[in-house]
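Residue -11 is where the sequence shown starts when you use the numbering used here, and the numbers rise one by one after that. Since the structure comes first, as structure tokens, the remarks are kept for the end.
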Amino acid sequence: MASDTPIIRAAGAVLWRYAKNKKIEIALVHRPQYNDWSLPKGKVEDKESHIACAYREIIEETGYTPVFGPELGEAFYKVEEGKKVVKYWSARAIDVPPTAIDKNEIDEVLWLEIKEARKKLTLDDDRTIVDFFVEVGVDTTPLVLLRHAKALKRDDWNGDDSDRPLDNLGQLQAKRLLPQFFPYNISEVHSSDAYRCMQTVEDLSRALNLNMIIALDLSEDAFSKDKEAALDYVSSLMVDTKNVLICSHNPILPKVLKKLVGKKYFKELDSKLEPAQAWVIHHKDGDVISVDWVDAPIV
């Protein structure tokens, strides 16, 4: 029998930085309303994605601008309104002056090394998230594999397939992509030469003030001639530490991911992406550390 307990969706992060002694510190926040020490987090607003919520809450509760890394998992809390489920990420605080925070909600932000932070935290579930953070590690680089937004059906298009545009839903999805990927501090956007791919990331590239890089190796036509071209292209981008977003097609992206993470681990992931969905590969020194799944934006 299904539970009638309301589920409250929330999101947050383990916000970290290097201290002067090169050791890692994480930020804890004190909430005067509850008189507790916790990881920064907050409730997901209407039509807001979890990662967009986590990014917003980090800034609101700590004043620091975060750059997001791997997803760490979920924690569950009992609250008066029902059950709160909080999704957490790892996020690095970049070196900028902190902005003002609401002292009524958060009256103190404390940076502590991990051992001391675990002791200071009020809830065991927060300690578990910190343990996951330690296990995953830091200094990973994100590489986003994004499937283009929903396009017109092939049967409804009379022109060349490479010129097939997004449909109305796809256009709305494309306009809502920025909050999904802004937290990763993307520095390069690469796209297949198919119009539906370029149209998907056009607004995103403009908002990030980036010039879209068009790659024939990410196209379906190139894939039909050389199944390894896209893999070679993506692998070359992983050599660098640039935060990259790639927009391409099924079945290209699943094949690339399968090759990068291995057949065994690929079975644990969904075998394909629906329109405007993505995988985020977090890599370090050429190795894949973790893979996150990002749903299509709510429109």
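All C-beta atoms in this analysis are idealised placements derived from N, C-alpha and C, irrespective of residue type, glycine included.
- With contacts defined as CB atoms closer than 8 Å, residue 236 and residue 218 qualify as a contacting pair.
- Considering only 12, 35, 287, 269, the residue with the shortest C-alpha distance to residue 2 is 12.
- Following the DSSP letters along the chain, one finds residue 169 inside the alpha helix (DSSP H) bounded by residues 166 to 169.
- A direct Cα-Cα distance of roughly 28 Å separates residue 50 from residue 176.
- For the pair of segments examined, the stretch 75 to 82 was found not to touch the stretch 142 to 157: the number of CB pairs separated by less than 8 Å stays below three.
- Residue burial is scored here from C-beta neighbours: residue 138 has at least 16 other C-beta atoms within 10 angstroms and is therefore classed as buried.
- If you look at residue 158, you'll find it isn't in any beta strand (DSSP E); it sits in the alpha helix (DSSP H) that goes 156 to 163.
- DSSP places residue 218 in the uninterrupted alpha helix (DSSP H) bounded by 217 to 225.
- With contacts defined as CB atoms closer than 8 Å, residue -2 and residue 74 qualify as a contacting pair.
- Secondary structure note for residue 212: its alpha helix (DSSP H) is the uninterrupted segment 208 to 213.
- Approximately 5 Å separates the beta-carbon atoms of residue 124 and residue 58; this is inside 8 Å, confirming the contact.
- Comparing alpha-carbon positions, the option among 250, 109, 43, 56 lying closest to residue 16 turns out to be 109.
- Per DSSP, residue -5 is not a residue of any alpha helix (DSSP H); the beta strand (DSSP E) it occupies stretches across -5 to 6.
- Contact fails between the stretch 112 to 127 and the stretch 35 to 45, because fewer than three Cβ pairs, one in each stretch, are under 8 Å apart.
- Short of 6 Å from the beta carbon of residue 71, and not among the five residues preceding or following it, lie these beta carbons of its own chain, in chain order: -7, -5.
- The three-state secondary structure of residue 152, taken from DSSP, is coil.
- For residue 106, no beta strand (DSSP E) segment is defined; the enclosing uninterrupted segment is the alpha helix (DSSP H) at 102 to 108.
- Taking C-beta separations shorter than 7 Å and ignoring five residues to either side along the sequence, the partners of residue 28 in its chain run 0, 1, 3, 15, 17, 45, 46, 49, 50, following chain order.
- Between residue 172 and residue 231 the beta-carbon gap is near 5 Å, inside 8 Å, which marks them as a contact.
- Per DSSP, residue 145 has no beta-bridge partner at all.
- For residue 37, no alpha helix (DSSP H) encloses it, and the DSSP letter there is neither H nor E.
- By DSSP's assignment, residue 270 forms a beta bridge with 130, 278.
- Judged by DSSP in its simplified three-state form, residue 63 adopts strand.
- For residue 123, there is no enclosing beta strand (DSSP E); the residue is found in the alpha helix (DSSP H) stretching over 112 to 124.
- By the 16-neighbour rule on beta-carbons within 10 angstroms, residue 135 is buried.
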